[in-house]
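In the order they appear, the protein sequences are chains A and B. Numbering-wise (full-length UniProt numbering), the first sequence opens with residue 1 and increments by one. Numbering-wise (full-length UniProt numbering), the second sequence opens with residue 1 and increments by one. Even glycine gets a Cβ: it sits at the ideal position worked out from N, Cα and C. These notes concern the structure reproduced below.
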Amino acid sequence: MPSFKLSTSLFAILGLVIAFSNCQSKESVEKAQYVANGRKLFATHCQNCHGADGKGLGKLYPPLDDTLFYKEHQDKLACYIKYGIDTTIHVHGIAYNSKMPENPTLTPIDIAYLITYITTEFGNSETKVSVDDVNKQLENCQ
Amino acid sequence: MIRIHFIFSFLVGLSLLACQTEKKKLPIYGNREAEEKVVDGKTIVDTIYHTIPNYEFLNQDSVIITNKVFENKIYISNFFFTHCPTICPTMQRNLLKFYEKYKGDPRIAFLSHSIDFKYDSPSVLKSYANKLGVDSEQWQFVTGDKASIYKMADNYFVYAKEDKNVPGGYDHQGYLVLVDHDKRIRAAYDGTDDEQVQLLFNDVETLLKEYE
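Written out as structure tokens, the structure reads:
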């Protein structure tokens with residue numbers, strides 16, 4: 001019964017394709033949710049200084065689109081957001097020595113939403129930051 | 001015939017409207033009083049408007065400025081402090097748009113009062129102005145003693161108060177207040193609201209036209 005065989009294998013392939021795309025979309029749906037939640041938190045807690053477009057304000061508040069900065073400080077972003085920044089940092093090669101205030105009310109999941117949002121929206125990142133990542137970072141803040 | 005009539009009156013109406021928009025004047029804010037004056041032997045009634053009183057404040061270059069610096073200019077005034085974590089960055093970002101649009105234009109200037117008389121010394125204000133991207137006298141950043149700054153806020157109808165319970169330690173409103181050559185308040189908008197800021201752009205143009 002070759003025709004039966006053909007249709008089962010077709011089904012199997014179709015099933016695999018569906019399973020795969022489902023799995024992929026589940027991940028991207030989750031990331032989209034992180035970005036959406038992050039956008040709201042950003043508007044409340046960060047936008048006044050960093051701007052709705054993430055471009056910052058002169059040399060007072062740095063822009064959030066320096067992908068190199070994100071790469072080099074990827075294990076510190078949660079600490080920066082939770083505890084603020086009081087040291088001189090360089091963004092796009094420009095020194096900033098203002099103070100970023102702490103955000104004691106933000107929970108680890110909030111911080112995961114926020115990092116996912118800023119790195120995606122302004123930094124073209126394709127991955128999401130999880131609560132586990134955030135908790136790991138927060139354990140190692142100085 | 002009736003149709004033509006309609007069109008005609010419509011056109012007249014339109015041209016009247018056009019006239020009106022061209023002559024649009026901004027309102028004058030605050031209390032006003034009538035004052036009787038004798039001019040050339042005749043008694044006339046003059047209206048006294050609310051005006052910004054004289055002041056002496058220290059600016060970002062440690063120079064004392066008075067309201068003479070804005071003679072024959074309109075100006076936008078606001079109240080802020082350099083390490084304000086809440087509304088100020090947005091308000092200053094918006095005022096910077098005006099500064100950039102009218103940079104070098106002698107008809108208009110800007111005046112930011114710090115309400116943090118403890119921390120915002122002239123050198124702090126200077127470094128703030130530079131970091132904001134302001135390097136000319138067209139935008140003055142001033143400080144003064146507590147009483148005179150807070151009283152000045154009252155004169156601009158802007159609420160400002162020291163308050164330990166708000167982030168940054170000072171509670172205040174983010175108004176951008178437009179003042180004319182006679183130190184009268186002609187417009188005031190929330191400097192943190194994009195739509196209101198757009199209205200202020202229109203009003204600045206309207207007020208500049210009054211002096212053409």
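Task: chain A contacts made by the segment 111-134 of chain B, where a contact means CB separation under 9 Å - done: The residues in question are Y128, N130, K131, L132, G133 and V134.
- [ ] Any chance you could list the beta strand (DSSP E) runs of at least 3 consecutive residues sitting entirely within the segment 149-176 of chain B, in chain order?
- [x] Taking only runs of at least 3 residues, the beta strand (DSSP E) segments lying wholly in the segment 149-176 of chain B are 160-162 and 170-172.
Task: Chain-ordered chain A contacts of T143 of chain B [CB-CB under 7 Å] - done: Locating residue 143 of chain B in the second sequence gives position 143, counting from the first residue. Chain-ordered listing is empty here: chain A has no CB closer than 7 Å to the CB of T143 of chain B, the nearest sitting near 18 Å.
TODO: Specify the secondary structure class of T47 of chain B as computed by DSSP and reduced to three states.
DONE: What you label residue 47 of chain B is simply residue 47 of the second sequence in a count that begins at 1. Strand, per DSSP.
Open item on the list: Can you confirm whether the segment 113-128 of chain B touches the segment 74-93 of chain B when touching is taken to mean that 3 or more C-beta pairs between the two stretches lie within less than 8 Å?
Closed with: With the cut-off at 8 Å, the segment 74-93 of chain B and the segment 113-128 of chain B touch.
TODO: For the beta strand (DSSP E) containing N78 of chain B, list its first residue and its last residue.
DONE: Here residue 78 of chain B corresponds to residue number 78 of the second sequence, with the count starting at 1. I74 to F80 is the span of the beta strand (DSSP E), which, as asked, contains N78 of chain B.
Task: Contact test: Q142 of chain A Cβ vs ligand 2 heavy atom, cutoff 7 Å - done: The model on display carries no ligand, and ligand 2 is accordingly not part of it.
Task: T86 of chain B in three-state terms, based on DSSP - done: Residue numbering aside, residue 86 of chain B sits at position 86 when the second sequence is read from its first letter. If DSSP states are grouped into helix, strand and coil, T86 of chain B belongs with coil.
Open item on the list: Give me the chain A residues within the contact set of residue 213 of chain B, using Cβ-Cβ distance strictly less than 9 Å, ordered along the chain.
Closed with: This structure cannot speak to residue 213 of chain B, because chain B is shown only from 1 to 212.
TODO: Output yes or no for whether 8 Å exceeds the beta carbon distance between H50 of chain B and Y75 of chain B.
DONE: Residue 50 of chain B sits at position 50 when you count from the first residue of the second sequence. Residue 75 of chain B sits at position 75 when you count from the first residue of the second sequence. Against a cut-off of 8 Å, the Cβ pair of Y75 of chain B and H50 of chain B comes out as no contact.
- [ ] Return the Cβ separation of V142 of chain B and L111 of chain B in integer angstroms, given the expectation that the two are a contact with Cβ distance under 8 Å.
- [x] Within the second sequence, numbered from 1, the residue matching residue 142 of chain B stands at position 142. Within the second sequence, numbered from 1, the residue matching residue 111 of chain B stands at position 111. Right, the Cβ-Cβ distance comes to about 7 Å (below 8 Å), so this counts as a contact.
Open item on the list: Which same chain residues end up closer than 6 Å to residue 218 of chain B when comparing Cβ atoms and leaving out the 5 residues on each side of it in sequence?
Closed with: Here chain B comprises residues numbered 1 to 212, so residue 218 of chain B is not present and cannot be evaluated.
Open item on the list: Assuming N59 of chain B and I65 of chain B are in contact, meaning their beta carbons sit under 8 Å apart, how far apart are those beta carbons, in whole angstroms?
Closed with: Start at 1 with the first residue of the second sequence, and residue 59 of chain B comes out as number 59. Start at 1 with the first residue of the second sequence, and residue 65 of chain B comes out as number 65. The beta carbons of N59 of chain B and I65 of chain B sit about 5 Å from each other, so the pair counts as a contact at 8 Å.
Open item on the list: Between K82 of chain A and chain B, is any beta-carbon pair separated by less than 8 Å?
Closed with: Taking the first sequence and counting its residues from 1, the one referred to as residue 82 of chain A is at position 82. False, the Cβ-Cβ gap to chain B never drops below 8 Å.
TODO: Report the neighbours of G51 of chain A on chain B: residues whose CB is nearer than 9 Å to its CB, in chain order.
DONE: Residue numbering aside, residue 51 of chain A sits at position 51 when the first sequence is read from its first letter. Per Cβ cutoff of 9 Å: P89, T90 and R93.
TODO: Please compile the residues from chain B whose C-beta is within a distance smaller than 8 Å of the C-beta of G58 of chain A.
DONE: Translated into the one-based positions of the first sequence, residue 58 of chain A becomes position 58. Chain B residues near G58 of chain A: L96, K131, L132 and G133.
- [ ] Would you kindly report the start and end of the unbroken alpha helix (DSSP H) that includes E195 of chain B?
- [x] Within the second sequence, the letter at position 195 stands for residue 195 of chain B. In the DSSP assignment, E195 of chain B falls within the alpha helix (DSSP H) that extends over D194 to E210.
- [ ] State yes or no: is the beta carbon of T66 of chain B nearer than 8 Å to at least one beta carbon in chain A?
- [x] For the purposes of this step, residue 66 of chain B is taken as the residue at position 66 of the second sequence. Taking Cβ atoms only, chain A never reaches closer than 8 Å to T66 of chain B, which makes this a no.
TODO: Report the rounded CA-to-CA distance for Y119 of chain B versus K99 of chain A, giving the unit in angstroms.
DONE: Taking the second sequence and counting its residues from 1, the one referred to as residue 119 of chain B is at position 119. Taking the first sequence and counting its residues from 1, the one referred to as residue 99 of chain A is at position 99. Across the structure, Y119 of chain B and K99 of chain A are spaced so that their CA atoms are roughly 14 Å apart.
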